[in-house]
Amino acid sequence: EDKVVQSPLSLVVHEGDTVTLNCSYEVTNFRSLLWYKQEKKAPTFLFMLTSSGIEKKSGRLSSILDKKELFSILNITATQTGDSAVYLCAVGYYGGATNKLIFGTGTLLAVQP
Amino acid sequence: SAVISQKPSRDICQRGTSLTIQCQVDSQVTMMFWYRQQPGQSLTLIATANQGSEATYESGFVIDKFPISRPNLTFSTLTVSNMSPEDSSIYLCSVDLAGTGALSGANVLTFGAGSRLTVL
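Respectively, the protein sequence lines represent chains A and B.
If you're matching positions, the first sequence starts at 1 in my numbering and goes up one per residue.
If you're matching positions, the second sequence starts at 1001 in my numbering and goes up one per residue.
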């Protein structure tokens, strides 16, 4: 059965800390790995990764994919209270007639002042 | 990126009733996806709605419980029928940015703000 596993489930840090969030997957017909940030209800897109070893960066956030070991990490440097959210990892796969996403359970990040 | 309007944003419902959630997109899209997020859980795909054909449901979800309409390329509805407390969840509609250059076919979903349903 396809699955996406994230760790840790939750994390509490102080402003300025650096955090690393993990995502491992076992998904047939892999196409892409995506990271989302969910603050209230609607997840917002952060990164899409399709190739191993190529780091994606956006400000203090970065992510990389290892397709051999089937995992990805999301790094956040110099964390701020506004980074507090649930971070979701999702894997895109070809599901018959269309492409689909399977989500992990998320990592709840709390950044304290 | 697409702008998605979803309503209601929240509702409190009685057991045994049904509620229809509406999703309006500001551009034409081929596929719309309906997800459920139960308390403390991640997002689970309920069904994929294509305009002009019946929705495709994922394992564990059936049309009688979650009927979907897709009358045109910018609008869809999801009905949660005969609700029970176990249906208390956030329901989200989303669209795929497939067909927009580098993101084509990459499952980069844009989500609506979600509808938080509480069933008493």
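Heads up, the beta-carbon is just placed ideally off N, CA and C, and yes, glycines get one too.
Query: Going by the DSSP bridge assignment, what does residue 60(A) pair with across the sheet?; Result: BP columns for residue 60(A) are empty, so no partner.
Query: Which parts of the stretch 72-108 of chain A are runs of the beta strand (DSSP E), unbroken and 3 residues or longer, counting only runs that do not cross its ends?; Result: 85-94, 99-103
Query: Excluding the five sequence neighbours on either side, which residues of its own chain have a C-beta within less than 7 Å of the C-beta of residue 1099(B), listed in chain order?; Result: Caution is warranted here: a pLDDT of 47 is assigned to residue 1099(B), below 50, making its placement in the model unreliable, and no coordinate value can be reported.
Query: Tell me which same chain residues have a C-beta within less than 6 Å of the C-beta of residue 1022(B), skipping the five on either side of it?; Result: 1007, 1077
Query: Enumerate in chain order the residues of its own chain whose CB-to-CB distance from residue 1054(B) is below 8 Å, with the five nearest sequence positions on each side excluded.; Result: 1063
Query: Taking just the CA atoms, how far does residue 1002(B) sit from residue 1025(B)?; Result: 7 Å
Query: Can you tell which of 1047(B), 1066(B), 1058(B) has the C-alpha that lies nearest to the C-alpha of residue 1020(B)?; Result: 1066(B)
Query: What are the start and end residues of the beta strand (DSSP E) that includes residue 1047(B)?; Result: 1043-1050
Query: Could you have a look at residue 1086(B) and say whether DSSP puts it in helix, strand or coil?; Result: helix
Query: Rounded to the nearest angstrom, how far is the Cβ of residue 52(A) from that of residue 63(A), given a contact under 8 Å?; Result: So it is not a contact: roughly 12 Å between Cβ atoms.
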